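K.L.:
Numbering (this note's numbering), first residue to last: 392 to 689.
(1) In the DSSP output, what is residue 497 paired with across the bridge?
(2) Using beta-carbon positions only, say whether residue 570 and residue 509 come within less than 8 Å of one another.
(3) Along the chain, where does the alpha helix (DSSP H) containing residue 562 start, and where does it finish?
(4) Alpha carbon to alpha carbon, how far is residue 531 from residue 670?
(5) Considering only residues of the same chain and omitting the five flanking positions on each side of residue 440, which have a CB-CB separation below 7 Å?
(6) In angstroms, rounded to a whole number, what distance separates the CA positions of residue 598 and residue 675?
(7) Tell whether a beta-carbon distance below 8 Å holds between residue 563 and residue 515.
(8) Using a Cβ-Cβ cut-off of 8 Å (strictly less than) and excluding sequence neighbours within five positions of residue 493, which residues of its own chain qualify?
(9) Mind checking residue 456: buried by the 16 CB within 10 Å criterion, or exposed?
(10) Note down, in chain order, each residue of its chain lying with its Cβ closer than 6 Å to the Cβ of residue 333, except the 5 sequence neighbours on either side.
(11) Considering only their Cβ atoms, is the gap separating residue 565 from residue 489 smaller than 8 Å?
(12) Are the beta-carbon atoms belonging to residue 473 and residue 637 less than 8 Å from one another?
(13) Under a three-way DSSP split, which group does residue 549 fall into?
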């Protein structure tokens with residue numbers, strides 16, 4: 392009799408829990424449908440095209456790895472390596488410069504200054520594309536204001552070069568680094584600095600043995616995030632340097648516009664797949680670093 396009553400009491404409770412969970416899953420369905428359409432369909436189309444080659448004589452299509460092989464040879468490989476080099480150098484410099492800037496903001500006694508810098512960083516981190524390229528061309532281009540007044544052309548300066556593009560990328564990467572590393576700097580506890588001082592450590596020793604080891608996962612995570620942001624940038628480089636500097640995003644644009652050999656129309660999709668794989672590797676490094684940093688600074 393008791394067992395029967397217990398079974399009767401538990402079953403309705405379980406059904407109530409199932410009814411409560413159902414609306415939560417239903418609320419997620421529109422988001423899942425959007426992700427499937429906006430990201431899943433293009434991803435499948437990219438995968439299909441990257442492994443598809445069309446016979447120009449018969450018009451038949453076949454699956455092969457020829458597109459991927461071509462994307463890792465010649466000018467395509469040079470462009471891929473050029474993008475990796477540009478992204479790595481820009482991200483490294485932005486990480487080195489962004490850390491002390493963020494530290495100055497965090498330790499500032501003026502709250503208005505902190506809020507102003509963080510707000511400006513949020514705006515500048517998303518300022519790119521053709522407007523950014525035009526601003527730098529007007530300022531540091533061959534006929535730019537600073538170029539003429541400082542005589543930079545006579546000193547060998549050229550904005551339309553690798554290092555010129557690095558400087559332009561730093562314009563939005565440094566603010567992004569400030570936004571990324573500021574929460575980690577806020578997580579450094581004042582007790583750690585006080586304990587280091589009580590044990591006779593200098594400010595340099597505190598940063599060398601306490602702060603930087605704790606911040607290292609966040610710094611590496613920020614570097615990876617900046618690398619991904621620079622690696623995916625297209626409009627700024629396209630408006631500034633065109634095809635004078637080999638970049639994979641510019642090669643994809645040329646391939647999409649039809650500037651490829653006959654039978655290699657899907658090389659652009661193979662290059663896109665290469666970028667996705669590199670971005671996947673970047674995220675595979677970034678996520679564990681982010682979790683480790685959260686554990687230290689919680």
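Ideal placement from N, C-alpha and C gives every residue a C-beta, glycine not left out.
As the structure is a prediction and not an experimental result, all values here were calculated from the model.
P.N.:
Reading from the atomic positions:
(1) BP columns for residue 497 are empty, so no partner.
(2) It is a contact, given that the beta carbons lie within the stated cut-off.
(3) It spans 553 to 577 - the alpha helix (DSSP H) in which residue 562 sits, taken as one unbroken run.
(4) Taking the straight line from one Cα to the other gives about 31 Å.
(5) Excluding sequence neighbours, residue 440 sits near 657 and 660.
(6) One C-alpha to the other measures close to 28 Å.
(7) Cβ atoms of residue 563 and residue 515: closer than 8 Å.
(8) The answer, listed in chain order, is 568, 569, 572, 573 and 576.
(9) Per the 10 Å Cβ criterion, exposed.
(10) This structure cannot settle anything about residue 333, because the visible part of the chain is limited to 392 through 689.
(11) Yes, they are a contact pair.
(12) Their beta carbons are under 8 Å apart, which means residue 473 touches residue 637 by this criterion.
(13) In the structure shown, residue 549 adopts coil according to DSSP, grouped into three states.
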